[in-house]
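Student: Here the protein sequences come in this chain order: A and B.
Heads up, the first sequence is in the working numbering, so the first residue is 124 and it goes up one at a time.
Heads up, the second sequence is in the working numbering, so the first residue is 124 and it goes up one at a time.
In this text, a Cβ means the ideal position worked out from N, Cα and C, and glycines have one as well.
Only a predicted model underlies this, so the values are computations on that prediction, with no experimental measurement involved.
2 protein chains.
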Amino acid sequence: MSEVRIIPVRGLPEVPVGADVAALILQAARPQPDILPGDIVVITQKIVSKAEGRLVSLADVTPSAQAERLAIATEKDPRLVELILRESRAIVRQRGPVLITETRHGFVCANAGIDASNVGPEGLVSLLPEDPDASAAAIRARIAERTGAEVAVIISDTFGRAWREGHTNVAVGVAGMLPFADYVGQVDPHGYELRVSTLAIADELAGAAELVMGKLDQVPVAIVRGYAYPRGEGTARQIVRDPEKDLFR
Amino acid sequence: MSEVRIIPVRGLPEVPVGADVAALILQAARPQPDILPGDIVVITQKIVSKAEGRLVSLADVTPSAQAERLAIATEKDPRLVELILRESRAIVRQRGPVLITETRHGFVCANAGIDASNVGPEGLVSLLPEDPDASAAAIRARIAERTGAEVAVIISDTFGRAWREGHTNVAVGVAGMLPFADYVGQVDPHGYELRVSTLAIADELAGAAELVMGKLDQVPVAIVRGYAYPRGEGTARQIVRDPEKDLFR
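#1: Below 8 angstroms on the Cβ atoms is my contact criterion, and I expect Gly296/A with Gly330/B to pass it. Report the Cβ-Cβ distance as a whole number of Å.
#2: By the DSSP assignment, the beta strand (DSSP E) with Asp280/B in it spans what residues?
#3: Could you tell me the distance, in whole angstroms, from the CA atom of Val344/B to the CA atom of Ile148/B?
#4: Taking buried to mean at least 16 other C-beta atoms within 10 Å of its own C-beta, is Gly308/B buried or exposed?
#5: Under a CB-based cut-off of 8 angstroms, is Gly357/A close to chain B?
#6: Less than 8 angstroms between the C-beta atoms of Arg177/A and Ala151/A, yes or no?
#7: Just by C-beta distance, which residues in the stretch 185-218 of chain A are closer than 7 angstroms to chain B?
#8: Taking the alpha-carbon of Gly141/A as reference, which of Glu175/A, Ile163/A and Leu159/A has the nearest alpha-carbon?
#9: Under 9 angstroms between beta-carbons, which chain B residues line up against Asp326/A? List them in chain order, please.
#10: For a contact defined as C-beta to C-beta under 7 angstroms, what are the partners of Arg364/A on chain B?
#11: On the criterion of 16 or more Cβ atoms from any shown chain inside 10 Å, does Arg212/B qualify as buried, or is it exposed?
#12: Given this structure, state the Cα-to-Cα distance separating Arg128/B from Ala332/B, to the nearest angstrom.
#13: Could you give the C-beta distance for Ile158/A and Ile266/A, rounded to a whole number, given that I count them as a contact under 8 angstroms?
#14: Where are the beta strand (DSSP E) runs, 3 residues long or more, that stay fully inside the stretch 181-231 of chain A, in chain order?
#15: Inspect the beta-carbon positions of Ala323/B and Ile277/B and report whether they are closer than 8 angstroms.
#16: Taking the alpha carbon of Arg209/A as the point to measure from, which residue in Arg218/A, Ile195/A, Tyr352/A and Val179/A has its own alpha carbon closest?
#17: If the cut-off is 7 angstroms on Cβ atoms, which residues from the stretch 145-176 of chain A count as contacting chain B, listed in chain order?
#18: Assuming the contact rule is C-beta atoms closer than 8 angstroms, Arg113/A and Asp326/B should be a hit. Round their C-beta distance to whole Å, please.
#19: Excluding sequence positions up to five away, which residues of its chain have a Cβ less than 6 angstroms from the Cβ of Arg202/B?
#20: Taking C-alpha atoms, which residue in Glu137/A, Asp143/A, Val248/A and Pro136/A lies nearest to Ile262/A?
#21: Any idea what DSSP makes of Val171/B, helix, strand or coil?
#22: Can you tell me which residues form a DSSP beta bridge with Ile166/B?
#23: Hey, does Thr224/A have any beta-carbon neighbour from chain B nearer than 8 angstroms?
#24: Where does Thr321/B fall in DSSP's three states?
#25: Starting from Ala233/B, follow its DSSP beta bridges and name the residues at the other end.
#26: Take Gln341/A and list the residues in its own chain whose beta-carbon comes closer than 7 angstroms to its own, dropping the five residues that flank it on each side.
#27: If you draw a straight line from the alpha carbon of Thr358/B to that of Ser279/A, how long is it in whole angstroms?
#28: So Ala259/A and Ala285/A are in contact, right, with Cβ under 8 angstroms, and what is the actual spacing, rounded?
#29: Spatial neighbours of Ser125/A within its chain, please: C-beta separation below 8 angstroms, excluding the five flanking residues on both sides.
#30: Across which residues does DSSP place Val293/A in a beta bridge pair?
#31: Specify the secondary structure class of Ala145/A as computed by DSSP and reduced to three states.
#32: Taking the CB atoms as reference points, tell me whether Pro255/A and Met300/A lie closer together than 8 angstroms.
#33: Kindly give me the distance between the Cβ atoms of Leu250/A and Ile237/A, rounded to whole angstroms, as I take these residues to be in contact under 8 angstroms.
#34: Mind checking which residues open and close the beta strand (DSSP E) that includes Ser73/B?
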């Protein structure tokens, strides 16, 4: 293993609906490190959602009776709760203001990944991309088209965890790589077969990228260089644990 | 934010009981990148446990009746189950071979963090350090003593997650830094106050370090350089969610 570099991509403009995210990234990356074959381009969900028009004005949302009830329990805007319910398959937990749901993609996270920060004027919220794996694949294809470089793309978001305080960045979309490094069946230097040895490297890469992003710094993209990721057609959906195997729901 | 580098530290020897881990790391790091003020030194739990003599031979363990029963349910060695129970405050979940416990430190993980890989001869297992925050602080103090460099130290281990497949590296010991980057109350470029904004950067750093470690590569240490971590006397114990706030136990 050699050194891995986490390189922030600065200077991206506000991303309008319909934007070619790949082109914006390439333009921003140009004076800096450029994008090379084998790079992993990690992109925060927010700008992908913006480009895909996944912004909703709360003023346009009419809450259902269920949303109204849940809004009282959670002390949230009923219109926001309505959006959370629409984006979710199931409510996983609710206590006080905490509302954990299973999104349509299968992610278990707070508020179905809906977020009001770094979006724009008050009252505007961003939903997760409809199919973040497809979004990642499309951006990856555009980068290959424009540069000839085969890269991996990860779309990241910031999720909480069951037993640990604080949030970390994880992968919600993956293209051009496998999300796991799999050591199952391999043998350590002492001849002992490794057991629990599937590492969710896509999540570790998303977390590493967060280190150069920061929440307020408007660095929505980072390039990870020097990591020999497992090639293949993986997705972030593979990381979602089948609810039947889930011991904590 | 500028570039962050994740630098593997190669060439560490097998770590004997009583080893000065800081000295071994400094020696291994010397021909390579050395250790500089502001670096974060991420160390896998395994070598710290070895140095602290936290290895147990299963041959020396006599299982209790409870361990014998649980060993049948989990199809594990009853002596291993006995050690898991001794290292745990509570069993959180058991289904088939999966045994999730709360360790004495408060970590929720499989098998109380006990592991047989990369330890040595068959029948030898490693326990987590007794107080990984204290271990991190001691190594940090030794590095400062020998080099004058103020660094942060993270001791990492590989844990599973409730809703996501695969494992990631997280921090089980922290010294010389705060484990969180806290954006609560800060305002985004649109004037919107950030809400869910406590990032568990110690876990993201541990995960980033894993990218250059690999399971079989015997790279038990990585240096993270270029990340302006929040200074302070933080611990990994702060990352442990209070069971009373835990919605998933």
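Tutor: In short, the structure shows the following:
#1: Taking the first residue of the first sequence as position 1, residue 296/A is located at position 173. Taking the first residue of the second sequence as position 1, residue 330/B is located at position 207. Actually they are not in contact, since the Cβ atoms of Gly296/A and Gly330/B sit about 18 angstroms apart, beyond 8 angstroms.
#2: On the second sequence, position 157 is the one that residue 280/B refers to. Judged by DSSP secondary structure, Asp280/B falls within the beta strand (DSSP E) whose first and last residues are Ala275 to Phe282.
#3: Within the second sequence, the letter at position 221 stands for residue 344/B. Within the second sequence, the letter at position 25 stands for residue 148/B. Here the alpha carbons of Ile148/B and Val344/B stand approximately 8 angstroms from one another.
#4: Here residue 308/B corresponds to residue number 185 of the second sequence, with the count starting at 1. When all chains shown are included, Gly308/B counts as exposed.
#5: The count along the first sequence starts at 1 and reaches residue 357/A at position 234. Answer no: the Cβ-Cβ gap between Gly357/A and chain B never drops below 8 angstroms.
#6: In the first sequence, residue 177/A corresponds to position 54, counting from 1. In the first sequence, residue 151/A corresponds to position 28, counting from 1. No. Outside cutoff.
#7: Within the stretch 185-218 of chain A, the residues whose Cβ lies closer than 7 angstroms to some Cβ of chain B are Arg216 and Arg218, listed in chain order.
#8: The count along the first sequence starts at 1 and reaches residue 141/A at position 18. When C-alpha distances from Gly141/A are compared across Glu175/A, Ile163/A and Leu159/A, the shortest belongs to Glu175/A.
#9: Here the question's residue 326/A lines up with position 203 in the first sequence. In chain order: Arg284, Arg287, Gly289, Thr291 and Gly330.
#10: Translated into positions along the first sequence, residue 364/A becomes position 241. What Arg364/A touches in chain B: Trp286, Arg287 and Glu288.
#11: Against the second sequence, residue 212/B aligns to sequence position 89. Exposed, because fewer than 16 other Cβ atoms sit within 10 Å of the Cβ of Arg212/B.
#12: On the second sequence, residue 128/B is found 5 positions in, with the first residue counted as 1. On the second sequence, residue 332/B is found 209 positions in, with the first residue counted as 1. Cα to Cα, Arg128/B sits roughly 10 angstroms from Ala332/B.
#13: Residue mapping note: residue 158/A aligns to position 35 of the first sequence, counting from 1. Residue mapping note: residue 266/A aligns to position 143 of the first sequence, counting from 1. The Cβ separation is near 6 angstroms, so the contact holds.
#14: Taking 3 residues as the shortest admissible run, the stretch 181-231 of chain A contains the following complete beta strand (DSSP E) segments, listed from N- to C-terminal end: 211-218 and 221-226.
#15: In the second sequence, the residue the question calls residue 323/B occupies position 200. In the second sequence, the residue the question calls residue 277/B occupies position 154. Ala323/B is not a Cβ neighbour of Ile277/B, given a cutoff of 8 angstroms.
#16: Translated into the one-based positions of the first sequence, residue 209/A becomes position 86. Answer by Cα proximity: Val179/A.
#17: Closer than 7 angstroms at the C-beta level to chain B, one finds no residue of the stretch 145-176 of chain A.
#18: The shown model of chain A, from 124 to 372, leaves out residue 113/A, and the question about it has no answer.
#19: For this step, residue 202/B is matched to residue 79 along the second sequence. Residues Leu181, Val184 and Pro186 of the same chain have their beta carbon placed closer than 6 angstroms to that of Arg202/B, with the five preceding and five following residues left out of the count.
#20: Along the first sequence, read from residue 1 onward, the residue named residue 262/A stands at position 139. For the options Glu137/A, Asp143/A, Val248/A and Pro136/A, the alpha carbon positioned closest to that of Ile262/A is the one of Asp143/A.
#21: By one-based count along the second sequence, residue 171/B stands at place 48. In this structure, Val171/B counts as helix in the three-state DSSP scheme.
#22: Here residue 166/B is taken as the residue at index 43 of the second sequence, counted from 1. Beta bridge pairing from DSSP links Ile166/B with Ile278/B and Val344/B.
#23: As a first step, residue 224/A must be located in the first sequence, where it is residue number 101. In terms of beta-carbon proximity, Thr224/A stays away from the interface with chain B, with every pair separated by 8 angstroms or more.
#24: As a working note, residue 321/B is residue 198 in the second sequence. Look at Thr321/B here: in three-state DSSP terms it is strand.
#25: Here residue 233/B refers to the residue found at position 110 of the second sequence. Paired residue(s): Ile223/B.
#26: Counted from its first residue, the first sequence places residue 341/A at position 218. Scanning its chain for C-beta atoms nearer than 7 angstroms, with the 5 sequence neighbours on each side dropped, one finds no residue around Gln341/A.
#27: Within the second sequence, numbered from 1, the residue matching residue 358/B stands at position 235. Within the first sequence, numbered from 1, the residue matching residue 279/A stands at position 156. Their Cα atoms are separated by approximately 26 angstroms.
#28: Taking the first sequence and counting its residues from 1, the one referred to as residue 259/A is at position 136. Taking the first sequence and counting its residues from 1, the one referred to as residue 285/A is at position 162. With a Cβ gap of about 26 angstroms, Ala259/A and Ala285/A do not count as contacting.
#29: Mapped onto the first sequence, residue 125/A falls at position 2. Correct list, in chain order: Gly349.
#30: As a first step, residue 293/A is located in the first sequence; it is residue number 170 there, counting from the start. Paired residue(s): Asp280/A.
#31: Along the first sequence, one-based indexing puts residue 145/A at 22. It is helical.
#32: Locating residue 255/A in the first sequence gives position 132, where the first residue counts as 1. Locating residue 300/A in the first sequence gives position 177, where the first residue counts as 1. Result no, Cβ atoms of Pro255/A and Met300/A do not sit closer than 8 angstroms.
#33: In the first sequence, residue 250/A corresponds to position 127, counting from 1. In the first sequence, residue 237/A corresponds to position 114, counting from 1. Right, the Cβ-Cβ distance comes to about 6 angstroms (below 8 angstroms), so this counts as a contact.
#34: Outside the displayed range of chain B (124 to 372) lies residue 73/B, so it cannot be described from this structure.
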